[in-house]
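Undergrad:
2 protein chains.
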Amino acid sequence: MTKLPHMDAQEFLREIGQKINDYLATVFTPDNEPQSLFNAMRYSLLAPGKRLRPALCLAVARTLEVAEEQAMPVAASLELVHAYSLIHDDLPAMDNDDLRRGQPTNHKVFGEATALLAGDGLLTHAFSLLSHRLPFLSSEQQLELVWSLANAAGPHGMVGGQQADLSAETQSPNLATLQFIHTHKTAALIEAAVVMGAIVGQASIEQKELLASYGRHLGLAFQIVDDLLDVTATTQELGKSSGADERQHKMTYPVVVGIAETRRLAENELTQALAALAKTDLHTSLLVGLAELSVRRIH
Amino acid sequence: MTKLPHMDAQEFLREIGQKINDYLATVFTPDNEPQSLFNAMRYSLLAPGKRLRPALCLAVARTLEVAEEQAMPVAASLELVHAYSLIHDDLPAMDNDDLRRGQPTNHKVFGEATALLAGDGLLTHAFSLLSHRLPFLSSEQQLELVWSLANAAGPHGMVGGQQADLSAETQSPNLATLQFIHTHKTAALIEAAVVMGAIVGQASIEQKELLASYGRHLGLAFQIVDDLLDVTATTQELGKSSGADERQHKMTYPVVVGIAETRRLAENELTQALAALAKTDLHTSLLVGLAELSVRRIH
C-alpha cells in the first residue's frame, strides 16, 4: 500500500468542508418545486456547520485510498440526515430552540409545518442519493450503505436515542439511561459515517469492525464533549443556545457524573477509539487527528 | 404463462389485508426499546386501514406470478411510509386532526414529540426493511426498490405534494396547482406501490411503464374520490373527520370544479388506468377489479 501524503486533521477539515459544501449546494436545483420546501431544506442543509459526519466518511475513504469524488454522494447523505435531525429536534414540540448554527432555526424562518416537511424531505432524499445509480459502487455496496444509514438513523438508532432523551427529562439521572441516549442519539450516526466510508473503500470485514469501533467511541467522545460545552461555552461560541440542556432538564454527563469525571470519560472514549485504529493495518494518522480534534474542543 | 385462478378484488383485499396485518405485527418486536417510541409506531402502523398500497404491490406481484411471501417486506415498507405520512399530517402544525382510522390520532395519545419521532422512525425503518438482505431478490432489485420508494415519498414526490397542499390553503383555487398536489401527495406513492410490485415480479421495461401508468391514474382517481368523500360521507364512514378539507380551506376537486365534474374526472382517471392495463400482455382481472373498487367507493 502506498503511503498517503500526510495531512493535518485541521487542514483536512478545512479543505474537505469546502468541497462538501460545494457538493451539498448541488443536491437540490433552484428550479425544484415547490420552492418553499426546497428553500427550507437548503436553508438548513447549507447553514454553516462542522460537516463532521461527511468529513469522517471521506477521511475513511481517503485512508482506504478512494478518491473523494467517489464517496461524495455517500458523505452528503449523512449531512442530509444530520440536518433533518436538527430541524426536527429544534421544533417547538421537541427542544423548542430558536438558534442553530448561528442562525434562526428552520421553523422560526419557515414556520412549523414547512420545517417538519423540510426534515421529512431531507431524510427521505438521503436514501435517493444512496440508491441513485452511482458510478464506482456496486449494487451490493449501495445496498449495504442504505442499510447502514437506515439502521443508524432509525428507531433502533438515532430516533430511538431522541425518544430516550425526551423520556429522560422526567427521570432521575442514571448512567445506564445516559449511555443508551448517547450511543443511539449521536454515536450511531457517527459510527455509520465511518462504516459507510469503509464500505465505499471496500474494507475487509476485520477493518470494518475496527473502524466501526473507532467511530462508535469517537461518537461517544463527541457527544460527551457536547454535553460539557453546553455548560462551559457561550451561545456565540456554540452557534446554538448555551445552557439549553440544563433549562430543558436534559440528562447529561455533567449532571450525572460531574464535570471532572465527564472530562475523564471523554478522554477514555478517545483512548478506545485510537486503540481500535492502532489494531488496523492502515495509515491512520488522519483518523487519529480527527478523533483528537473532536475531543480537544473542550480545552 | 399459466392463468392465475380468478380472484375477486374484494375477496383479495380481505384475504391479503389479513396477511399484511399479520406481517406488520412482526415488524417491531415487543422488547424493542425505547418502548414509548415503538408503542407509538405500532399504534399507527397497526390501526385498521384499507392497506391499499401494500395490497396493490402484492396484487401486481401476484399478477407477475410471484408468491406473496416474497413480496411481503416490500409491501410492508409502503405501509410504514403511509403510516408515517398520516402521523405527520395529523400533527397540530399540519392539519391538526383528532381522529384517524377511527381512533384518536397519534399525537393525541402519545404527545406531539413522540408522534413526530414515531413518524420519523416509521419512515426510516421502511428503508431498513428494503435494504435488509431479502431472499428471492437481487441487490439490483432491492436498490431499485429503495430508489422507487425514496423518490416517490421524498421532496420530489409525496413531501413536495404535502408542501404544495399547505401553500394552497392561502391561494385561489386553480386546476394546475390541484393536479400538482394530487399527483405528488397521493398518486406518487400509489404508483410506487405498483412499480415496486413490478420490480419484485421482474416485469419487462414495457410492462413496468404500463403498470406505472395504471398506478398513477389509479392514484389520482383514488385521491379525487377521497376529495368527494370528504364532502359527501360522514365522519363515522370515513374514520376521520368529515368536512375537514373545507374547514382547512384545502384546495380540492369539488371546490375547484364542482361535484359532478369531480365524478367525471375520477371516471376518466379510471378509464386511463384500465387502458394502460389493457395494453399489457398480463392477466389483469385482479388489477382491473382493484381499480374499479377504488373508484366505486363514491356510489
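Chains as they are written, first to last, in the numbering used here: chain A, -8 to 290; chain B, -8 to 290. Even glycine gets a Cβ: it sits at the ideal position worked out from N, Cα and C.
Could you work out which residue in A:Asp218, A:Leu273, A:His116 and A:Leu209 is closest to glutamine 263 of chain A when comparing CA atoms only?
TA: When only C-alpha atoms are compared, the closest one is A:Leu209.
Undergrad: What residues of chain A sit near glutamine 198 of chain B, judged by a beta carbon separation below 8 angstroms?
TA: Within 8 angstroms Cβ-Cβ: nothing; glutamine 198 of chain B doesn't reach chain A, min ~21 angstroms.
Undergrad: Any Cβ of chain A within less than 8 angstroms of the Cβ of threonine 177 of chain B?
TA: It does not: the Cβ of threonine 177 of chain B has no partner Cβ on chain A nearer than 8 angstroms.
Undergrad: Can at least three beta-carbon pairs, one atom from the segment 121 to 129 of chain B and one from the segment 172 to 180 of chain B, be found at a separation below 8 angstroms?
TA: Not touching, per the Cβ criterion.
Undergrad: Please list the partners that serine 122 of chain A has in chain B, where partner means a Cβ-to-Cβ separation under 7 angstroms.
TA: Neighbours of serine 122 of chain A on chain B, chain order: Leu134, Val137, Trp138 and Ala141.
Undergrad: Report buried or exposed for aspartate 13 of chain B, applying the criterion of at least 16 other Cβ atoms within 10 angstroms of its Cβ.
TA: Flag for aspartate 13 of chain B reads exposed.
Undergrad: Can you tell me whether arginine 207 of chain A is buried or exposed? The criterion is at least 16 other CB atoms within 10 Å of its CB, across all chains shown.
TA: With 16 or more Cβ atoms within 10 Å of its Cβ, arginine 207 of chain A is classed as buried.
Undergrad: Taking only the alpha-carbon atoms, compute the straight-line gap between serine 232 of chain B and glutamine 94 of chain B and give it to the nearest angstrom.
TA: Cα to Cα, serine 232 of chain B sits roughly 11 angstroms from glutamine 94 of chain B.
Undergrad: Any contact between the segment 158 to 172 of chain A and the segment 123 to 139 of chain B? By contact I mean 3 or more CB pairs, one from each, below 8 angstroms.
TA: The segment 158 to 172 of chain A, when compared against the segment 123 to 139 of chain B, does not touch it at the 8 angstroms Cβ threshold.
Undergrad: By the three-class DSSP mapping on this structure, what secondary structure does glutamine 94 of chain B have?
TA: Three-state result, glutamine 94 of chain B: strand.
Undergrad: So, under 8 angstroms CB-CB, glycine 110 of chain B and leucine 28 of chain B are touching, yes? Tell me the CB distance rounded to an integer number of Å.
TA: Actually they do not touch by this definition, with Cβ atoms about 11 angstroms apart.
Undergrad: With distances taken from CA atoms, which of A:Glu6, A:Glu24 and A:Lys10 is nearest proline 146 of chain B?
TA: Minimum Cα distance to proline 146 of chain B is reached at A:Glu24.
Undergrad: Considering only C-alpha positions, which residue in the set A:Lys10, A:Glu237 and A:Leu136 is nearest to lysine 199 of chain A?
TA: Checking every option, the nearest Cα to that of lysine 199 of chain A belongs to A:Leu136.
Undergrad: Please state whether DSSP places proline 245 of chain A in a helix, a strand or coil.
TA: Three-state result, proline 245 of chain A: helix.
Undergrad: Under 8 angstroms between C-beta atoms, does valine 65 of chain A make it to chain B?
TA: Chain B contact via Cβ: absent.
Undergrad: With DSSP collapsed to three states, give me the class of asparagine 12 of chain B.
TA: DSSP places asparagine 12 of chain B in helix when its eight states are reduced to three.
Undergrad: Can you find a CB in chain A that lies within less than 8 angstroms of the CB of glutamate 182 of chain B?
TA: Not closer than 8 angstroms to any Cβ of chain A, the Cβ of glutamate 182 of chain B fails to qualify, so no.
Undergrad: Using 10 angstroms around the beta-carbon of glutamine 1 of chain A, count the other beta-carbons present and answer buried if the total reaches 16, otherwise exposed.
TA: So glutamine 1 of chain A counts as exposed.
Undergrad: Should glutamate 237 of chain B be labelled buried (16 or more other beta-carbon atoms within 10 Å of its own) or exposed?
TA: Its Cβ having fewer than 16 others within 10 Å, glutamate 237 of chain B is exposed.
Undergrad: Please report how far the alpha carbon of glycine 108 of chain A lies from the alpha carbon of leucine 43 of chain A, in whole angstroms.
TA: For the record, residue 108 of chain A in the displayed sequence is leucine; it is not glycine. So the alpha carbons of these two residues sit roughly 24 angstroms apart.
Undergrad: So with CB distances below 7 angstroms, who are the chain A contacts of histidine 79 of chain B?
TA: Correct list: Leu107 and Asp111.
Undergrad: Can you pull the chain A neighbours of glycine 234 of chain B, defined as C-beta to C-beta under 9 angstroms?
TA: Simply none; closest approach about 21 angstroms.
Undergrad: Please name the residues in the segment 12 to 30 of chain B whose beta-carbon is closer than 8 angstroms to at least one beta-carbon of chain A, in chain order.
TA: Under the 8 angstroms Cβ criterion, the segment 12 to 30 of chain B contributes Phe19, Asn23, Glu24, Pro25, Ser27, Leu28 and Phe29.
Undergrad: How would you call isoleucine 7 of chain B, buried or exposed, if buried means at least 16 neighbouring beta carbons within 10 angstroms?
TA: Burial call: buried.
Undergrad: Among the residues of its own chain, which have a CB less than 6 angstroms from the CB of isoleucine 190 of chain A, if the five just before and after it don't count?
TA: Gln132, Glu135 and Leu136, listed in sequence order.
Undergrad: Tell me which residue opens and which closes the alpha helix (DSSP H) that glycine 151 of chain A is part of.
TA: It spans 149 to 159 - the alpha helix (DSSP H) in which glycine 151 of chain A sits, taken as one unbroken run.
Undergrad: Under a Cβ-count criterion, where at least 16 other Cβ atoms within 10 Å of its own Cβ denotes burial, should phenylalanine 101 of chain A be classed as buried or exposed?
TA: So phenylalanine 101 of chain A ends up on the buried side.
Undergrad: Would you say arginine 114 of chain B and valine 72 of chain B are within 8 angstroms of each other, going by their C-beta atoms?
TA: Looking at the sequence shown, residue 114 of chain B is not arginine but leucine. Yes, the Cβ-Cβ distance between leucine 114 of chain B and valine 72 of chain B is below 8 angstroms.
Undergrad: Quick one: is aspartate 272 of chain B buried, meaning 16 or more other Cβ sit within 10 Å of its Cβ, or exposed?
TA: Aspartate 272 of chain B comes out exposed.
Undergrad: Name the chain B residues whose beta carbon is nearer than 8 angstroms to that of alanine 150 of chain A?
TA: Before going further, note that residue 150 of chain A is valine rather than alanine in the sequence given. Chain B residues near valine 150 of chain A: Leu28, Leu108, Asp111, Gly112 and Thr115.
Undergrad: Mind checking glycine 148 of chain A: buried by the 16 CB within 10 Å criterion, or exposed?
TA: So glycine 148 of chain A ends up on the buried side.
Undergrad: Flag this pair as yes or no: are the beta carbons of leucine 219 of chain B and histidine 173 of chain B separated by less than 8 angstroms?
TA: Not a contact, by the Cβ cut-off of 8 angstroms.
Undergrad: Establish whether the CB of leucine 4 of chain A and some CB of chain B are separated by less than 8 angstroms.
TA: False, the Cβ-Cβ gap to chain B never drops below 8 angstroms.
Undergrad: Can you tell me the Cα-Cα spacing of serine 285 of chain B and phenylalanine 213 of chain B, whole angstroms?
TA: In a straight line, the C-alpha of serine 285 of chain B is about 6 angstroms away from that of phenylalanine 213 of chain B.
Undergrad: Tell me the start and end of each unbroken alpha helix (DSSP H) in the segment 158 to 234 of chain A that is at least 4 residues and wholly inside, in chain order.
TA: Here the runs fully enclosed are 166 to 173, 179 to 191, 196 to 223 and 226 to 229.
Undergrad: Near leucine 90 of chain A, which residues of its chain fall below 6 angstroms by C-beta distance, leaving aside the five closest residues on each side in sequence?
TA: So the qualifying residues of the chain are Lys231 and Ser232.
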